[in-house]
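Colleague:
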Amino acid sequence: MLCLHGWPGGVSDYRLLTPLLVDVAEVVAPHLPGFGRSFSPGDESRPPSDFDRAHLVSALGELDLGPAVVVGYDIGITTAVAYAREHPDRVRALVLGNTLAPSVTVEAVLSDSYRPEFWYQDFHQLELARQLIDSNPAAVRTYLEHFWSHWGARPEAVVDEQLVEDYSRPGAFTASVNWYRSGSSSLYTALGLRGVTEFPPPVDVPATVIWGALDPIFPPAFASAVPDLLPRADVRVLDDVGHFTPVEAASEMAEAIRSYL
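Going letter by letter, the sequence shown gives residues 1 to 261 in my numbering.
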């Protein structure tokens with residue numbers, strides 16, 4: 001089982017899910033390159049393209065894994081879907097959080113109703129983000145807590161101390177937002193899809209999508225489009241869950257994962 005974290009997150013995103021599955025699966029939950037404890041001094045100065053989706057998929061491809069259930073939310077979803085597209089023989093199934101299909105991404109991100117929620121992706125392009133937050137544990141905590149409280153819904157959606165420590169090391173916050181500077185973010189993706197009518201072929205692997213209905217950035221109005229991307233997906237909407245599905249809906253995700261083992 002391969003677990004891919006989101007932003008602002010790390011391997012601690014799976015702190016509640018992993019204990020529910022260690023009796024039936026080997027759980028691999030890596031820090032994605034440049035994030036969390038994988039950050040090395042100097043990463044913040046590398047080109048953002050070193051941290052884009054293609055590089056993350058390439059890094060996962062180097063792991064010695066057999067067919068695995070791949071789990072993800074947030075940026076872990078786009079990485080997981082790209083990994084399944086490139087290595088379908090290595091993916092037994094996908095178990096994902098709220099998953100935007102390309103067919104609805106422009107509306108979900110750029111329409112007047114939803115665009116304000118993506119302000120942070122503009123902010124992350126600015127040098128000001130580094131100046132205000134990087135290497136400042138108090139600022140890091142405040143910034144992370146904003147997203148975890150605004151995007152989360154169930155009480156489990158809280159910032160843990162390891163996450164604050166990981167993002168507070170000098171340069172670590174800057175490296176983490178290179179994903180947004182690399183052109184891999186939802187905002188960049190949506191801008192690139194304007195006017196597009198033909199999308200990449202669907203990813204034909206078994207899948208379960210656990211959709212948190214209270215997620216303000218990926219609301220349930222777009223859940224019906226999941227089959228455009230994942231035609232074999234079982235979509236389950238949870239009314240009291242927000243964005244952080246591995247933490248907020250650990251039991252529900254564990255049940256879905258077990259069905260594929």
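Note that the Cβ used here is the ideal one computed from N, Cα and C, for glycine as well.
#1: Give every residue of the same chain whose Cβ lies closer than 7 Å to the Cβ of Pro88, excluding the five residues on either side of it in the sequence, and list them in chain order.
#2: Mind checking which residues open and close the alpha helix (DSSP H) that includes Asp240?
#3: What do you get for Leu63, buried or exposed, if any count of 16 or more other CB atoms within 10 angstroms of its CB means buried?
#4: List the DSSP bridge partners of Trp211.
#5: One question on the structure: do Gly72 and Leu96 come within less than 9 Å of each other, judged by their Cβ atoms?
#6: In angstroms with no decimal places, state the Cα-to-Cα distance between Thr189 and Ala25.
#7: Under 8 Å: do the region 132-144 and the region 159-178 share three or more Cβ pairs, one atom per stretch?
#8: For the beta strand (DSSP E) containing Gly72, list its first residue and its last residue.
#9: Between the Cα of Thr254 and those of Leu65, Val69, Pro8, Ser168, spot the shortest distance and give me the residue it belongs to.
#10: Quick one: using the 10 Å Cβ neighbour count with 16 as the cut-off for buried, is Trp179 buried or exposed?
#11: Would the region 102-110 count as touching the region 211-230 if we require 3 or more Cβ pairs under 8 Å?
#12: Of the choices Glu248, Val247, Pro201, whose alpha-carbon is the least far from that of Glu86?
#13: Would a C-beta distance cut-off of 9 Å place Phe118 and Ser176 closer than the cut-off?
#14: Between Val209 and Val226, how many whole angstroms is the CB-CB distance? I'm expecting something under 8 Å.
#15: If you draw a straight line from the C-alpha of Val203 to the C-alpha of Ile77, how long is it?
Modeller: According to the structure shown:
#1: Val205
#2: That residue, Asp240, is in no alpha helix (DSSP H); it is neither H nor E in DSSP.
#3: exposed
#4: Val237
#5: yes
#6: 34 Å
#7: yes
#8: 68-72
#9: Looking at the sequence provided, one finds Ala at residue 254 rather than Thr. Selected option, being the one with the closest Cα: Val69.
#10: buried
#11: yes
#12: Pro201
#13: no
#14: 5 Å
#15: 13 Å
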